[in-house]
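To start, the structure under review is shown below, and the notes come after it.
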Amino acid sequence: MSIMGIGTNILGYGNDEVDDAVRKTVDAGNMSTLNCPEEVYLAEKLVEMHPWADMVRFARSGGEANAIAIRIARAAAGKAQVAICGYHGWHDWYLAANLGNDEELAGHLLPGLEPNGVPQNLKGTVLPFNYNDIDGLTNLIAQNDIGVIMMEVSRSVGPKDGFLQKVRDIATKNGIVLMFDECTSGFRQTFGGLHKMYGVEPDMAMFGKALGNGYAITAVIGRREIMEAAQTTFISSTFWTERIGPTAALATLEVMSRTESWSQITKTGEAITQRWHDLAKQHELKITTGGLPSLTNFTFESPNALAYKTLITQEMLNQGFLASNSVYVCTEHTQNVVDEYFALLDPIFQKIKQCQDGKDVMSLLNGPICDSGFKRLN
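Letter by letter, the sequence shown follows residues 103 to 480 of our numbering.
Quick look at the structure:
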């Protein structure tokens with residue numbers, strides 16, 4: 103009941119169909135000198151489920167896919183400046199946002215992050231804006247020479263007042279390439295990108311994590327007039343011709359399509375979120391919840407929130423559960439698993455209530471309080 107391989111294992115830590123397909127590929131020979139046929143089949147499927155897109159490039163990690171996408175988008179736009187909203191990896195292009203002010207990424211990545219090792223001449227090339235703040239984005243564009251907008255479709259909250267469509271309209275009006283980073287949100291509430299649910303089409307979109315159910319495969323899809331800019335620059339890697347990633351993705355998509363996995367995990371996530379609220383009310387505790395339904399989390403409304411999070415992890419580990427205050431739901435989170443989780447969580451909430459009433463939470467911890475982790479504005 104944790105984050106399932108950082109969101110990759112949407113069908114569980116091991117899925118027989120996916121794993122069997124990978125084994126056959128390994129036995130037949132994993133590496134390909136030319137583009138493997140599975141890559142072509144996968145590209146066709148991704149374009150089929152996203153009719154606005156025409157072309158696809160593949161990589162093996164989300165940060166890598168985003169770096170590829172930024173290279174292509176900048177080449178197509180002919181401009182260097184990028185407006186970003188969300189978490190987009192670890193590469194220089196992204197961390198450059200903190201070269202002018204080390205708090206620029208405080209709400210998107212980590213507070214106080216110093217971009218050591220990132221060349222100073224990238225300063226001013228990446229400019230953050232806040233989610234659901236259309237005026238902030240408008241002003242950013244008016245004051246700079248933005249060529250690309252990269253953003254997550256949603257994370258802690260969804261778009262309000264037609265925010266995504268307004269971003270689309272602004273990008274179109276100003277000739278800006280609009281990119282949706284769907285590495286986390288893809289295949290979670292829809293069969294494909296979350297943007298399909300909102301009816302807003304980008305110029306490019308990136309997918310990862312759940313695409314291969316734990317096997318390394320990511321994708322950049324886009325409109326032909328944008329993607330063909332890749333031919334004017336250089337993007338290449340030896341291991342992009344390996345077959346395991348595309349094979350796993352094809353099998354994963356087949357299982358997803360047949361079982362409508364996105365519907366399953368959404369319902370399970372909604373049920374988990376409601377049960378957190380019910381349990382908190384039972385113990386007279388205040389919590390806030392957020393995230394997509396199948397990427398759900400909660401936080402105690404208390405100065406000791408991180409200590410309570412640490413206590414939950416400690417006590418659940420003692421019971422054989424890897425758990426914290428976030429659950430990335432997979433199809434193997436059955437009713438029995440969820441019921442057992444809440445049965446073990448109940449007495450921990452009781453201890454937290456005692457701490458809220460005056461007991462020292464540090465007296466219950468066997469080690470230090472956990473770090474806060476990523477903090478985002480969206």
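Heads up, the beta-carbon is just placed ideally off N, CA and C, and yes, glycines get one too.
Since residue i contacts residue j with CB under 8 Å, what's their CB separation in whole angstroms?
i: A312; j: T110; result: 6 Å
i: L197; j: P217; result: 4 Å
i: I346; j: N132; result: 6 Å
i: K455; j: L387; result: 6 Å
Decide if residue i is buried, meaning its Cβ has at least 16 other Cβ atoms within 10 Å, or exposed.
i: H379; result: exposed
i: F336; result: exposed
i: N438; result: exposed
i: Q291; result: buried
i: I243; result: buried
i: G264; result: exposed
i: L424; result: exposed
i: N96; result: Any property of residue 96 remains undetermined from this structure, which presents the chain solely from 103 to 480.
i: I174; result: buried
Just to confirm, is the Cβ distance from residue i to residue j under 8 Å?
i: V149; j: T349; result: no
i: R176; j: V250; result: yes
i: S404; j: I414; result: no
i: V429; j: I367; result: no
i: S287; j: L394; result: yes
i: C285; j: M299; result: no
i: K55; j: L201; result: Missing from the structure shown is residue 55; the chain here goes from 103 to 480 and no further.
i: G164; j: G316; result: no
i: V463; j: C457; result: yes
i: L467; j: Q416; result: yes
i: A331; j: R162; result: no
i: S359; j: F293; result: yes
i: G469; j: V259; result: no
i: M103; j: Y410; result: no
i: K126; j: L355; result: no
i: A185; j: L266; result: no
Taking only the alpha-carbon atoms, compute the straight-line gap between residue i and residue j and give it to the nearest angstrom.
i: V228; j: E119; result: 42 Å
i: D235; j: T274; result: 18 Å
i: I328; j: F282; result: 14 Å
i: D247; j: K369; result: 43 Å
i: V440; j: W364; result: 18 Å
i: C187; j: N276; result: 18 Å
i: V255; j: L296; result: 7 Å
i: G301; j: M253; result: 16 Å
i: A145; j: L136; result: 15 Å
i: H193; j: A199; result: 11 Å
i: V279; j: I323; result: 13 Å
i: L397; j: D305; result: 25 Å
i: A353; j: F231; result: 37 Å
i: G460; j: T401; result: 19 Å
i: E434; j: L113; result: 7 Å
i: W342; j: E140; result: 12 Å
i: Q183; j: E166; result: 19 Å
i: A171; j: V158; result: 10 Å
Could you give the residue range of the beta strand (DSSP E) that holds residue i?
i: V439; result: Per DSSP, V439 belongs to no beta strand (DSSP E); it is in the alpha helix (DSSP H), 437 to 458.
i: V74; result: Because the chain spans 103 through 480 in this model, residue 74 falls outside it and cannot be assessed.
i: F402; result: 397 to 402
i: Y196; result: It is not in any beta strand (DSSP E) - Y196 instead sits in the alpha helix (DSSP H) that spans 194 to 197.
i: R159; result: 157 to 161
i: T274; result: First-last for T274: 265 to 276, but that is the alpha helix (DSSP H), not the beta strand (DSSP E).
i: T390; result: 389 to 392
i: D283; result: 279 to 284
i: M299; result: First-last for M299: 297 to 300, but that is the alpha helix (DSSP H), not the beta strand (DSSP E).
i: M306; result: 306 to 309
Over what stretch of residues does the alpha helix (DSSP H) that includes residue i continue unbroken?
i: F375; result: Sequence inspection shows Thr at residue 375; the Phe mentioned does not correspond to that position. Run containing T375: 363 to 384, per the alpha helix (DSSP H) assignment.
i: L227; result: Residue identity differs from the one stated: residue 227 is Thr in this sequence, not Leu. Premise fails: T227 is in no alpha helix (DSSP H) and is neither H nor E.
i: Q333; result: That residue, Q333, is in no alpha helix (DSSP H); it is neither H nor E in DSSP.
i: T320; result: That residue, T320, is in no alpha helix (DSSP H); its beta strand (DSSP E) goes 320 to 324.
i: I414; result: 407 to 420
i: E166; result: 164 to 179
i: L239; result: 236 to 245
i: V254; result: It is worth fixing the name first, because residue 254 is Glu in this sequence and not Val. Element bounds for E254: not the alpha helix (DSSP H) but the beta strand (DSSP E), 248 to 254.
Tell me whether residue i counts as near the ligand MN, meaning its Cβ is closer than 7 Å to at least one heavy atom of that ligand.
i: V439; result: Among the components of this structure there are no ligands whatsoever, and the ligand MN is therefore not found.
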